[in-house]
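Numbering (the working numbering), first residue to last: 396 to 940. Ideal Cβ positions, reconstructed from N, Cα and C, are used throughout, including at glycine. Some notes on the structure that comes next.
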RNA sequence: GGCCCGUUGGUCAAGUGGUCAAGACGGCGCCCUUUCACGGCGCAAUCAUGGGUUCGACUCCCGUACGGGUCACCA
């Protein structure tokens, strides 16, 4: 067989050579130790937590080493592609604060190693495919889906490994040049297969996260090019990461089993393999066990979920970082003021078993993150979120900016600031009492206070109320009314001698809280009153008189 | 089924032959307190399992169980 002729027959349009491509995409000129990483998502329209998880690792590795982090769109499967998915993806990454140095952008490419969409790299893959054919390491295969199914059935029956390899590849591999010409002339579809070798060798690959991985060497005649001429993931990954000069490949552990194919390709091309970093799959608890997060059952898998809930990107980063690097939490405690970007991230500290996504923990982290933000930042971020997800609050915030800002600072000026806000969505509930438009009374007046007591209390309160009073003066008045009405000034006194009192100061102050905020559990009454302003305070109290 | 990866409290986990087996979230209790939060203190709770190796094993080796991944012209 004349393989040069075969290569020419299969790839008549290829004129470029591998050498030309090598010089068109030269080794990057980067400082010693700089890492080049990427994420390679498929544009399916669904961006999930795992995408972000891997993106954060790749971003950290690159930027901590003054390297390059880029975005490559792996769109080789046109069946799965969804319109606008690339933009969705870029927006999501942007929202969560992942910055790319180069790669695909909404309307094209940014960088010298493109194109960054695999479908647009067809000619590049063909150069290497042609070379493989010339070297007798790839061949066209005309097997139909039915024939392949039949082979698989036979293999299953014989308890053999499924796939096209060894004797099962013989039929396609022994086609003559004329037969191939005929088939093509007849319009038969073909795929390009790698010519694997039968072997019982093992390969050893050093994974930066997992250490040594040992696997049987590839013996499969796996598909390089699909019948539309577009490469499979395996071929595209090897060509792209070589030509784009990636130093580290960060991807999910589901790829470990195809590592032998990738290793095989890197070896036959004589290219240096990148450092593989296979990350653990995110899990979820269900019943008594763990299971993989599922797109169908778990809304929290979608990144859009966190956007809709209004969980700040900072909180997501902190949360993911705690999952990613076991020493992050300790570092955070030791360095409460620093940005998480200053945390020295290392692959060695990564956990190799699947982490459970614990929404409780996320909420806790979120509370801390928001608690540490200056009020103005909370104001801005919350407003941004509301503009997209809660119009009513967006307009309230814009209508009462000063009150809102003051409200966000309630109880936060002390050394031990309150942490009332977990998410922007929840902030709308929590903050609703600050606006008459959304104010609602949720809690009942305390049992200890009948209608008459409530009325008397508020009447006295209003009569003595002076908005100019400072916190101490104000509280003295409350105490005076409390005592006057037969309520204990110290909760313990009432607890110990319930028959001597109508209740305690807990109950009188709770009446105030309920009248002013709608809840028995609320921030400091005096502070709240001064955020609301005298008119609103009097207005809410007078209703009970 | 073959191949591969994994398994420390409810969860995230530190730990690399000698530790009373860190810490965080959650739970519970106490303290602080005009409520709630915040904060402080404390408690309960873990090395999947069976064999080795060793003076000594969470740590090293082998088996078992369990969980996960993969076996496409999907990534």
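{"query": "For residue 914, three-class secondary structure by DSSP", "result": "coil"}
{"query": "Residue 638 to residue 415 span [Cα, whole Å]", "result": "11 Å"}
{"query": "Top-ranked residue by Cα proximity to residue 619, from 630, 439 and 940", "result": "630"}
{"query": "Rounded Cβ spacing between residue 645 and residue 745 (contact assumed at less than 8 Å)", "result": "So it is not a contact: roughly 10 Å between Cβ atoms."}
{"query": "Alpha helix (DSSP H) segments (min. 4 residues) lying fully within the region 528-566", "result": "540-552"}
{"query": "From 554, 615 and 432, residue whose alpha carbon lies closest to that of residue 564", "result": "615"}
{"query": "Span separating the alpha-carbon of residue 754 from that of residue 816", "result": "15 Å"}
{"query": "Run of the beta strand (DSSP E) containing residue 735, from where it starts to where it stops", "result": "Per DSSP, residue 735 belongs to no beta strand (DSSP E) and is neither H nor E."}
{"query": "Range covered by the alpha helix (DSSP H) that runs through residue 601", "result": "That residue, residue 601, is in no alpha helix (DSSP H); its beta strand (DSSP E) goes 597-602."}
{"query": "Per-residue DSSP class, three states only, for residue 523", "result": "helix"}
{"query": "Alpha carbon of residue 601 to alpha carbon of residue 662, nearest angstrom", "result": "15 Å"}
{"query": "Rounded C-alpha distance that separates residue 408 from residue 534", "result": "17 Å"}
{"query": "Where residue 836 sits in the DSSP three-state scheme", "result": "coil"}
{"query": "For residue 448, the nearest candidate out of 775, 435 and 798 (CA to CA)", "result": "435"}
{"query": "Three-state class that DSSP yields for residue 940 in the structure shown", "result": "coil"}
{"query": "Three or more C-beta pairs below 8 Å linking the region 803-815 and the region 834-848", "result": "no"}
{"query": "Proximity below 8 Å, CB of residue 910 to CB of residue 935", "result": "yes"}
{"query": "For residue 420, three-class secondary structure by DSSP", "result": "coil"}
{"query": "8 Å Cβ cutoff met for residue 438 and residue 493", "result": "no"}
{"query": "Residue 903 vs residue 852 beta-carbon contact at 8 Å", "result": "yes"}
{"query": "Closest Cα partner of residue 928 within the set 889, 861 and 879", "result": "861"}
{"query": "As assigned by DSSP and simplified to three states, the class of residue 923", "result": "helix"}
{"query": "From 531, 557, 916 and 657, residue whose alpha carbon lies closest to that of residue 542", "result": "557"}
{"query": "Buried or exposed by the 16-neighbour rule on C-beta atoms within 10 Å, applied to residue 530", "result": "exposed"}
{"query": "C-beta atoms of residue 502 and residue 510 nearer than 8 Å", "result": "no"}
{"query": "Option in 599, 766 and 829 with minimal Cα separation from residue 794", "result": "829"}
{"query": "Contiguous alpha helix (DSSP H) assignments of at least 4 residues, all confined to the region 440-478", "result": "444-459"}
{"query": "DSSP-derived helix/strand/coil call for residue 756", "result": "helix"}
{"query": "Bridge partner(s) assigned by DSSP for residue 673", "result": "646"}
{"query": "Backbone CA spacing between residue 570 and residue 498 [nearest angstrom]", "result": "41 Å"}
{"query": "Contact under 8 Å by Cβ, residue 483 with residue 440", "result": "yes"}
{"query": "Coarse secondary structure for residue 504, derived from DSSP in three states", "result": "strand"}
{"query": "Cβ pair residue 654, residue 608 closer than 8 Å", "result": "yes"}
{"query": "Inter-residue Cα distance where the pair is residue 758 and residue 705", "result": "11 Å"}
{"query": "Whether residue 844 touches residue 898 by CB criterion (8 Å)", "result": "yes"}
{"query": "CB-CB length for residue 926 against residue 857, believed under 8 Å", "result": "About 19 Å; that fails the 8 Å criterion."}
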